[in-house]
Amino acid sequence: MTKLVTVFMLPLILFFATVNAQNKVEKITTKDGIHYITTNIDYPITGTYLFEGLTEPIVQLDPDGTGVFQVLDLSKTTILWGMECFENGTPKYEKGFNYAVYTLWYKNKETNSEMEITEDWVNAHFSIHFQKKKMFILGDRSKDYVE
Numbered sequence: 001m002t003k004l005v006t007v008f009m010l011p012l013i014l015f016f017a018t019v020n021a022q023n024k025v026e027k028i029t030t031k032d033g034i035h036y037i038t039t040n041i042d043y044p045i046t047g048t049y050l051f052e053g054l055t056e057p058i059v060q061l062d063p064d065g066t067g068v069f070q071v072l073d074l075s076k077t078t079i080l081w082g083m084e085c086f087e088n089g090t091p092k093y094e095k096g097f098n099y100a101v102y103t104l105w106y107k108n109k110e111t112n113s114e115m116e117i118t119e120d121w122v123n124a125h126f127s128i129h130f131q132k133k134k135m136f137i138l139g140d141r142s143k144d145y146v147e
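Be aware that the sequence shown starts at 1, since it is given in our numbering, and climbs by one per residue.
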């Protein structure tokens, strides 16, 4: 009986450990309270986002939760980022007819420790348009994706 329980429980434990490892959740404090973020929402969100037809400025989201945010004057800031989720790692989003809207949170990675930590995180509109196979940050920087 013990062997039988072990045979069934081991795969279950490994499955939940894998799911939990993939959905690493970080607790952040912002001006409007506590939020949770993750870098995994079951879509290929990492990569470089560009204005159509331009090579710069970029937003670069790396899998480890770091990246680059480049503004119109072409100055680059190294960032920490994540998509808003529930405490258990399930992404928060609003689904439309052929799109989904998420909240991207980011902050300057080089934050001065004297700054008020609750004012560092900034949220940005992030959307996925399923028919076009495009993802947008702030509505104007995009990248194509393949499911």
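C-beta: ideal position from N, C-alpha, C; glycine also. Since this is a predicted model, take the numbers as computed values, not measurements.
DSSP three-state label for residue 60, please.
Three-state result, residue 60: strand.
Best match in 35, 40, 50 for proximity to residue 141 [C-alpha to C-alpha]:
In terms of CA proximity to residue 141, 50 leads the group 35, 40, 50.
Is it buried or exposed for residue 55, if we count other Cβ within 10 angstroms and need 16 for buried?
Flag for residue 55 reads exposed.
Output the distance between the C-alpha atoms of residue 108 and residue 87, rounded to the nearest integer angstrom.
Residue 108 and residue 87 have their C-alpha atoms spaced approximately 23 Å apart.
Considering only residues of the same chain and omitting the five flanking positions on each side of residue 81, which have a CB-CB separation below 7 Å?
Closer than 7 Å at the Cβ level, and outside the excluded window around residue 81, lie 61, 65, 67, 104, 105, 106.
Helix, strand or coil for residue 68? Go by DSSP, reduced to three states.
Note: residue 68 maps to strand in three-state DSSP.
Per-residue DSSP class, three states only, for residue 44:
Correct three-state label for residue 44: coil.
For residue 84 versus residue 45, is the C-beta spacing smaller than 7 Å?
No, they are not a contact pair.
Measuring CB to CB, does residue 70 end up less than 7 Å from residue 57?
Yes. Within cutoff.
State the start and end residues of the unbroken beta strand (DSSP E) segment that holds residue 130.
Unbroken run through residue 130: none, as it is neither H nor E.
Is it buried or exposed for residue 146, if we count other Cβ within 10 angstroms and need 16 for buried?
Burial call: exposed.
Helix, strand or coil for residue 86? Go by DSSP, reduced to three states.
Coil, per DSSP.
Evaluate residue 97 with the Cβ neighbour count: other Cβ atoms within 10 Å of its Cβ, from every protein chain shown; 16 or more gives buried, anything less gives exposed.
In the assembly as shown, residue 97 is an exposed residue. Its beta-carbon has fewer than 16 other beta-carbons within 10 Å.
Outcome for residue 31 when other beta-carbon atoms lying within 10 angstroms are tallied against a minimum of 16
Exposed, since its Cβ has fewer than 16 Cβ neighbours within 10 Å.
Could you spell out where the beta strand (DSSP E) holding residue 144 opens and where it closes?
141-144 is the extent of the beta strand (DSSP E) around residue 144.
What is the rounded straight-line gap between the Cα of residue 59 and the Cα of residue 102?
Rounded to whole angstroms, residue 59 to residue 102 spans 16 Å at the Cα level.
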